[in-house]
Structures are given as C-alpha cells and as structure tokens.
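This report refers to the structure that appears directly beneath it.
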C-alpha cells in the first residue's frame, strides 16, 4: 500500500510513507494537509533514489535491515537531503 499513514499526537501530525524497505517519517505542527506532507516525503525519497539508486537501496536493506542511510550518503548527499527537509 503506497498511501501515507498518519498519527495525531496533540498538536503534532506524524506522517509515515513506506517505499520498499525505506520508511520516511515527518513530524509537523502545521495545518498542512496530509497529502501535501506525503508529497514532500515522496520528493525526499525521489532525491534519495537519485543519489543512491533504487537497486542500491534494495541491496543494502536485504543485507542489513534498519541500516542508517546517512552512512552511505556521505557529507554531500546528507547536505542535499538536509536542505530539503
């Protein structure tokens, strides 16, 4: 299922988007619709795939579940994603 999952916790909205083995999470206090937040997460995923390739991501997670992708991104990839978030 490609649809985002949402949890409300007080004034916070937590949006989860699952793309294969990658779990993207966003916490927001804005009144922005869930669909907009999910689109931002999808954009972040697209950028991640453009840096690491989808095949590379799948291979990493087959070997090591729960792997922290920041180790693969290096400083320049991490800076790109940080500027987007």
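In the numbering used here, the protein residues as written are 1103 to 1187.
C-beta atoms are modelled at their ideal positions from N, C-alpha and C, and glycine is treated no differently.
Remember, it's a predicted structure, so these values are computed and weren't measured experimentally.
Same chain, Cβ closer than 6 Å to residue i, neighbours up to 5 away in sequence not counted
{"i": "residue 1122", "result": "none"}
{"i": "residue 1127", "result": "1118"}
Three-state secondary structure (DSSP) of residue i
{"i": "residue 1131", "result": "coil"}
{"i": "residue 1115", "result": "strand"}
{"i": "residue 1126", "result": "strand"}
{"i": "residue 1156", "result": "helix"}
Identified DSSP bridge partners for residue i
{"i": "residue 1109", "result": "1116"}
{"i": "residue 1121", "result": "1124"}
Same chain only: Cβ atoms within 8 Å of residue i, ignoring 5 sequence neighbours per side
{"i": "residue 1136", "result": "1106, 1108, 1115, 1117"}
Rounded Cβ spacing between residue i and residue j (contact assumed at less than 8 Å)
{"i": "residue 1087", "j": "residue 1131", "result": "With the chain covering 1103 to 1187 only, the question about residue 1087 has no answer from this structure."}
Indicate whether the contact test is met: 3 or more Cβ pairs, each with one atom in the region 1136 to 1147 and one in the region 1163 to 1178, closer than 8 Å.
Too few Cβ pairs lie closer than 8 Å, so no.
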